[in-house]
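Residue numbers (the working numbering), protein chains in the order written: chain A, 1 to 755; chain B, 756 to 923; chain C, 924 to 1356.
Report on the following structure.
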Amino acid sequence: MSDTGEGLLRRRAFLAAGALVVNFSLRGNARAQLSGGGEGSGGPAVVDPKLIGDLKTSPLLDSWIRIDGAGHVTVFTGKVELGQGIRTALIQVAAEELDIAPGTIELVTADTARTPDEGLTAGSHSMQDSGRAIQNAAANVLALLKREAARRWGVAADSLSTNGQGEILSGDARKLSYGSLAEALSLHVDAVPGVPLRDPGTYRTMGRSLPRVDILAKLTGGASYVQDMRLPGMLHARVIRGPSYGTRLATIDIEAVARLPGVVKVVRSGQFLAVVAEQEWTAIAAMRKLQASDFSRTATPIPSGTSREIMKALPTREIVILDTTDAVAPAVASVKANYSRPWLHHGSIGPSCAVAKYQDGIMTVWSHSQGIFDVRRVVADLCELPIEQVHGIHAPGSGCYGQNGADDVAADAALVAKAMPGRPIRLQWMREQEQGWEPLGPGMVTDVEASLDANHRIVAWNYAVWSNPHNNRPVGAGGVIAGGEVVPPHPVPEGKPIPMPEGDGSRNSNPLYVLPNVHVRYHFAKDMPVRVSALRSLGAHLNVFSIESTFDELAKAAGVDPLAMRLSHMQDERARAVMQTAADRFGWAHRRKGDGYRGCGMGFARYKNIGAYCAVVLEVEVDADAGRIRVHRVVAAVDSGTVVSPDGIRNQIEGAVLQSLSWTMTEQARFDALHRRSFDWSAYPIHRFEDVPGSVEVHIVERPGLPFLGTAEAGQGPTAAALANAFADATGCRLRDMPLSAEKVRAVLAARDRA
Amino acid sequence: MAIKLHVNGQDRIVRSDPSTPLLYVLRNDLELNGAKYGCGLGQCGACTVQVDGNAAFSCLTPIALLEGKSIRTVEGLGTAAHPGVVQRAFELEQAAQCGYCIAGMIMRAQALLDREPDPSDAEIRAHMQPNLCRCGTHMRILRAIRRASEMLKAMPASKKGATDERHG
Amino acid sequence: MSMRLVRPGGGRRVIWLGLVVLLLGVLVAYAATWRPAIEPVARPLPSAFTAAQVERGSALASLGSCAVCHTSEQGATFAGSRALPTPFGTIYTTNITPDVRTGIGAWSREAFHRAMKVGVSRDGHHLYPALPYVHFTHATDEDLDALYAYFMTRRAIEATAPANRLIPPLGFRPLLAGWKLLFLRQTPFEPDPTRSAAWNRGAYLVDGLGHCAACHSPLDLIGGEKRGVAFAGGEAEGWTAPPLDATNPRAGTWSVNALHDYLRGGIEPHHSVAAGPMGPVTHELSQVPDADVSAIAVYVASLMNPSEGVEHAVDAVDRAVPAAAAHPRGAAIFAGACAGCHEPGAPMGHEGRPLLSTATTVLANSPDNALQAMFSGIRSPEDGRTPYMPSFRDTLTDDQAAQLAAYIRLRFTNLPEWNGLRTAASRARAEAN
């Protein structure tokens, strides 16, 4: 870890008093990096802390890797493919350390009967948790193979080499295949720490952009998703609920619907209601009939107002994230600003789906949830089955970007399957059900006040963030909707904050810059007026938006270039390199000056201050009368440590940039007191082809040999900030409340023109 | 009720209610995975197929409308072993993240390239507007369509014909 | 003019006489309407205008929906180049940003006033009445000054519109001279002292900058508004613009509040979503002072419902069974293509979106707008404000659209069936966008 981290630690003062709860920030200690980013159950207990990644919790080598007599290699991971390319990346890691062709590897993703429990695939942890475990397990396996070959040949193990084709070679050209060696070995042994990894200089696979193993099937109609599953005797189910979380339908004429031709069963359990049919269209038509009813609210009314009004009215407890006291020069200028973002939908293109089958006492659930082992726990709890009799298997869905409806639908499907033993049940949510019932990304607000001395140095930094919990991942029946509908209902667990360094609402609330007199407070509100849970990057979206916008406002107050302002307060060399790279590739030094219509802006963050580094620079053009911000050019730079797939990283960052632009400029979940109003794409528009930038470039700052850093969520915060900063550069006006909508743009520019 | 549909160059008989949207017939009766359920409201395009060459939302097209019309899905453009031009271009550009929207994107792009083999970037963007991608793969999708257009221009005319004769 | 060939020699003389009279008529018209070029000026500085003027101009520009015509798809606002289909060919709108070379940056205040009041460009050429100067001519000088201030303080964009593509003789601008003589009445607005201030404001806006009659009145063969039947209904871009007078079949249900909500929000739950050209119009009206929208509502309500009758809501009709029996194919199409949004029980119903049984298009005497909605869909001018409807042009044949329309009419209304659906569908398709 950089010296900066240790320095900060020494200067930190801990407060412990009364209502305050102290958060520790343990730097450089992998144990503080919770599996799955601290979301969900977080995986099983640590067995051997000396091992790397999730080998700590699953040290047996054959939990991760098996080799059969023909040399076919199976790799097991508790992580899952979400569209982020992890399947291919993990195959590359395994192929590299075993020194075999990637095409010879079969990767099995989360399956409660076959793979390690690695908690959730979330928090950009997959490479750190699973990638490193597989890397080290593979190194262990290869070492065992070499040792066996050495024994057979009577030579020293370190005289042996591999040729990339699954063969061990002796110095005198003798050869043995992995398959023939593996037959004689048991891999049911614990990994040992310290087995050397391959020299990056000899890499054949890692660091190259392999075509993803799953894309071709998705382009040609191959069965790729849980939605594509077809099992013999499968029935189609639809769940019947009110329009959104916290509502219930009034009158329901179940008898009439049960008699409809093609309806096989109507499943009821307390308030839970589902209709099952042979044909999917029949199930949908029956669902519509049952839903043609008024609804009422079952929960407290949804409060009206802005994020600020709602969040500041909630009771909170204060968590101190950072508190430092330093002697400094007097302040000559200060910036005070409040920022906010609304509640956001995940907006998965494919509404959640699950397939479940209950047969001979065994419940099997196929789900696209990020936490298959938690799905198992939830289903066992909800269906009142011993956990050994529940089998959870991951099957991909569409991108989820956090906790969408996947877990709820898995539970719904299981409940229906339990009522219809022997028949596989495919339960699909409709679009409006996904929008209405999924947990949203929490609305949040921040208050920032910072001051500068006469030398343009920041001398004080006061930061407060208000948020609901982001981690409401179901770990028992109470966490899913059906759990509240059965009788007796399972209580909804209280949401808890995720401690730093991961954080949740607090994620990235602690600037990576070296700043004196830093006071960061997290106002944690456990009462949730709207159902919420994790949305990609969690609090980092608003926190980085706030910090980086403030930095630009400080730069403006000081008359200093925004890049220079950042560099002069940043000691982390990798952060500096990423900012400089993005700026250089953009042409920051000779960029167009803001002229009232066009402008440029930048944003930077290191995700969670322990993940990937990302800087984004972009250029906008503003049409004041239409209220439209057009993004012409985006240049991003990212440092992800050791790169497994360069194209995979670029894909993730491009995606993060476009997604964040849509969130930041356009998106806002809508409610009234009774229910959610943003029930379809018409009421919750997201960016389309006419909205995306003119161009997006991603430059990777390579760091061979350094640990993998999770990249999937690194782009969201910097992009949001870069947008606001570019808008301010272009127009001279600051927008601090997301979304930076057309209405707000028109209003702020009209006010500017009046003045 | 038996209804005859012409899908990917072949006549298929399906026994579904005439009001059944094509999407469910394709997926459940004909076991074709390409067209996907995204919204059922004509707002996202995940279900896009070609009907008589035009891009259409299969989620809003009951099979009652399709007698005598020619339906093409992504399976009719090519296979994993022999992908069609647009599919090949998407593969080369790695134009997918979760991939759920991609079959619909390919069909909408195919409809454009069928009638305008050399579209401008602005025309491509405008044409693709009805299809949503939530992962933010748009830049790659645009590049893939541009690349497909270039690949088509470079092909001899004899090879450009529809693949659905081979791959019904 | 009669051509009576009474006797040789004499007949030819009549023809020659007729041609001379015609030529003289054209010359007189031309002379009467000819205007000289106005010298270009240096582009005025923003400091030449007060903030209040600019703000007022902004509201007036929205009331006149200037941006709607003078902005192309994805183009910069006011930079023109939008293709306007007319019965006479395609006209491309001009750049009205203050660019000196390609816009109106060199136009003096007088030049701007003249263009708006008499339809003459700075350099003296006649403007096509696609610019509705027959209405703008009623605007006060003060309002025109405010508009001038607004346009002159916009961003200058360099853009030249493509050449117009009009039916050949109509490209000859001097012909417009005659048109103006027939249709341009340069009368200032006269308030009616027996009416409220709001009514008068509404009348001023509707008859002037709002130019509502340009779409909502019948036009004659040469594109002029027919006299005596103002607001009796018209058409625009393939959509029927319903009557704004008492001949509207639902006139009694359009209260001031309903009109206000529709105009301001683009949707009125007991009537319709603003479709076709009204979508962008209501989007513009959402940006003007609310009092102006109320004034327009007061005026239009007085036209529709002069006796101020009580609004009677239409009962929700749903005769699903007999409609399916009479139109089985239409019923099947509806169930597969429409029910996801329009069936009772569909999620849209919980969101205050108009039901088909109270929708203006379904209750109208003519099926044109219902068919146009099927073929063109409904776009929200600014995503998320108003509902979106996809287009079914590529999946419905004219026959299928006709069956569907017949089913919908029978199922959701108690009104007489629509006639000529097949022909109406062909016509709607031809004009669909």
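We put the CB at the ideal spot given by N, CA and C, even for glycine.
- Between A/P49 and A/L55, what straight-line distance do the alpha-carbon atoms span, to the nearest angstrom? Taking the first residue of the first sequence as 1, we reach residue 49 of chain A at position 49. Taking the first residue of the first sequence as 1, we reach residue 55 of chain A at position 55. Distance between the alpha carbons of A/P49 and A/L55: 9 Å.
- Query: Which residues, in chain order, does the segment 1307-1335 of chain C contribute to contact with chain B at a C-beta distance below 9 Å?
  - Reply: Y1311, M1312, P1313, S1314, F1315, R1316, D1317, T1318, L1319, T1320, Q1323
- Query: Quick one: which chain A residues come within Cβ less than 9 Å of C/S1303?
  - Reply: In the third sequence, residue 1303 of chain C corresponds to position 380, counting from 1. Near C/S1303 (Cβ distances below 9 Å), the residues of chain A are S682, P685.
- For B/F845, return the contacting residues in chain A, with the cut-off set at a CB-CB distance below 7 Å. To locate residue 845 of chain B, count along the second sequence from 1; it is residue 90. Simply L219.
- Query: Which two residues bound the contiguous alpha helix (DSSP H) that contains B/H761?
  - Reply: Locating residue 761 of chain B in the second sequence gives position 6, where the first residue counts as 1. It is not in any alpha helix (DSSP H) - B/H761 instead sits in the beta strand (DSSP E) that spans 757-762.
- Item | Host beta strand (DSSP E) of C/A1164 (start-end) | Here residue 1164 of chain C corresponds to residue number 241 of the third sequence, with the count starting at 1. Start and end: 1162-1164.
- Task: Could you name the residues that DSSP lists as bridge partners for C/D1022?
- Result: Numbered from 1 along the third sequence, position 99 holds the residue referred to as residue 1022 of chain C. Bridge partners of C/D1022: none, in fact.
- Message: Please return the same chain residues whose Cβ sits closer than 8 Å to the Cβ of A/Q351, not counting the five positions on each side in sequence.
- Response: The residue given as residue 351 of chain A occupies position 351 in the first sequence. The residue you asked about is not Gln; residue 351 of chain A is Pro in the sequence shown. Around A/P351: G405, Q428, W429, M430, R431, Q433, E434.
- Would you say A/M665 faces chain B, with C-beta separation under 8 Å as the test? Numbered from its first residue, the first sequence carries residue 665 of chain A at position 665. For A/M665, the answer is no, since every Cβ of chain B falls outside 8 Å of its Cβ.
- Member of A/P493, A/Q659, A/D737 whose CA lies at the smallest distance from the CA of A/S41: Working through the first sequence from its first residue, we reach residue 41 of chain A at position 41. Among A/P493, A/Q659, A/D737, the Cα nearest to that of A/S41 is on A/P493.
- Item | Cut-off 8 Å between Cβ atoms - residues of its own chain near C/G1272, not counting five sequence neighbours on either side | Position 349 of the third sequence, counted from the start, is the residue given in the question as residue 1272 of chain C. Cβ neighbours of C/G1272 beyond the five flanking positions: L1278.
- Neighbour list for A/K289 in chain C, Cβ cutoff strictly below 7 Å: Taking the first sequence and counting its residues from 1, the one referred to as residue 289 of chain A is at position 289. Ordered by position in chain C, the residues that pass the 7 Å Cβ test against A/K289 are G1268.
- Task: Leaving out five residues on either side along the sequence, give the residues of the same chain with a beta carbon under 6 Å from the beta carbon of C/S985.
- Result: The residue you call residue 985 of chain C lines up with position 62 of the third sequence. Within the same chain, C/S985 has close Cβ partners E1207, Q1210, V1211.
- Item | Residue-chain proximity (C/T1000, chain A), Cβ-Cβ < 8 Å | What you label residue 1000 of chain C is simply residue 77 of the third sequence in a count that begins at 1. Closer than 8 Å to some Cβ of chain A, the Cβ of C/T1000 qualifies, so yes.
- Message: Quick check on B/S825 - is its C-beta less than 8 Å from some C-beta in chain A?
- Response: Residue 825 of chain B sits at position 70 when you count from the first residue of the second sequence. It does not; no Cβ of chain A falls within 8 Å.
- Which residue from A/H490, A/S509, A/V73 puts its Cα closest to that of A/P499? Mapped onto the first sequence, residue 499 of chain A falls at position 499. Nearest C-alpha to A/P499: A/S509.
- Query: Looking at the structure shown, is A/E743 part of a helix, part of a strand, or coil, going by DSSP?
  - Reply: On the first sequence, position 743 is the one that residue 743 of chain A refers to. If DSSP states are grouped into helix, strand and coil, A/E743 belongs with the helices.
- Using a Cβ cut-off of 8 Å (strictly closer), state whether C/A1258 contacts chain B. Against the third sequence, residue 1258 of chain C aligns to sequence position 335. It does; some Cβ of chain B falls within 8 Å.
- What are the boundary residues of the alpha helix (DSSP H) that includes A/M579? Reading the first sequence from its first residue, position 579 is the one you call residue 579 of chain A. Start and end: 573-586.
- Item | Contact set between B/L887 and chain A, taken where Cβ atoms lie within less than 8 Å | Counted from its first residue, the second sequence places residue 887 of chain B at position 132. I349, W681, I686, R688, listed in chain order.
- Task: Taking A/G36 and A/L120 to be in contact with their CB atoms under 8 Å, please state how far apart those CB atoms are, rounded to whole angstroms.
- Result: By one-based count along the first sequence, residue 36 of chain A stands at place 36. By one-based count along the first sequence, residue 120 of chain A stands at place 120. With a Cβ gap of about 3 Å, A/G36 and A/L120 count as contacting.
- Determine the burial state of B/H893: buried for a count of at least 16 other Cβ atoms within 10 Å of its Cβ, exposed for fewer. In the second sequence, counting from the first residue as 1, residue 893 of chain B sits at position 138. B/H893 should be labelled buried.
- Message: I need the straight-line Cα distance from C/P1192 to C/M1201, nearest angstrom please.
- Response: Walking along the third sequence from the start, residue 1192 of chain C turns up at place 269. Walking along the third sequence from the start, residue 1201 of chain C turns up at place 278. Looking at the two C-alpha atoms, the distance is approximately 16 Å.
- Task: Quick one: list the residues of chain A neighbouring C/R1005, beta-carbon separation under 9 Å, in chain order.
- Result: Position 82 of the third sequence holds residue 1005 of chain C. Within 9 Å Cβ-Cβ: nothing; C/R1005 doesn't reach chain A, min ~14 Å.
- Using 10 angstroms around the beta-carbon of C/H1049, count the other beta-carbons present and answer buried if the total reaches 16, otherwise exposed. Taking the first residue of the third sequence as position 1, residue 1049 of chain C is located at position 126. C/H1049 comes out buried.
- Task: Output yes if chain B places a C-beta closer than 8 Å to the C-beta of A/L15; else output no.
- Result: For this step, residue 15 of chain A is matched to residue 15 along the first sequence. Bear in mind that the predicted position of A/L15 carries a pLDDT of just 32, short of 50, making it unreliable; the figure below should be weighed with that in mind. It does not: the Cβ of A/L15 has no partner Cβ on chain B nearer than 8 Å.
- Query: According to the Cβ coordinates, are A/T316 and B/T834 closer than 8 Å?
  - Reply: Working through the first sequence from its first residue, we reach residue 316 of chain A at position 316. Working through the second sequence from its first residue, we reach residue 834 of chain B at position 79. Not in contact: A/T316 and B/T834 (Cβ atoms no closer than 8 Å).
- Query: With a cut-off of 8 Å, does the C-beta of B/K791 fall near any C-beta of chain A?
  - Reply: Locating residue 791 of chain B in the second sequence gives position 36, where the first residue counts as 1. It does: the Cβ of B/K791 has a partner Cβ on chain A nearer than 8 Å.
- Task: Scan the segment 1127-1179 of chain C and note each continuous alpha helix (DSSP H) run of 4 residues or more that stays entirely inside, going in chain order.
- Result: 1136-1139
- Taking 8 Å as the CB-CB limit, is A/M579 close to chain B? Position 579 of the first sequence, counting from 1, holds the residue named residue 579 of chain A. No, no contact with chain B.
- Query: Taking DSSP as the reference, what is the three-state secondary structure of A/N609?
  - Reply: Indexing the first sequence from 1 puts residue 609 of chain A at position 609. Three-state result, A/N609: helix.
- In three-state DSSP terms, what is A/F689? One-based indexing of the first sequence puts residue 689 of chain A at position 689. A/F689 falls in the coil class under three-state DSSP.
- Query: Taking buried to mean at least 16 other C-beta atoms within 10 Å of its own C-beta, is A/S296 buried or exposed?
  - Reply: In the first sequence, residue 296 of chain A corresponds to position 296, counting from 1. A/S296 is exposed by the Cβ-count criterion.
- Please work out which residues of its chain come closer than 8 Å, Cβ to Cβ, to A/L415, disregarding the five sequence neighbours upstream and downstream, and give them in chain order. Taking the first residue of the first sequence as 1, we reach residue 415 of chain A at position 415. Contacts found: V267, S269, F272, A274, L382, C383, A482, V486.
- Message: Quick check: is the beta carbon of A/W437 nearer than 8 Å to any beta carbon in chain B?
- Response: Position 437 of the first sequence holds residue 437 of chain A. Judged by the 8 Å Cβ criterion, A/W437 is not in contact with chain B.
- Between the segment 944-962 of chain C and the segment 1038-1047 of chain C, are three or more C-beta pairs nearer than 8 Å? yes
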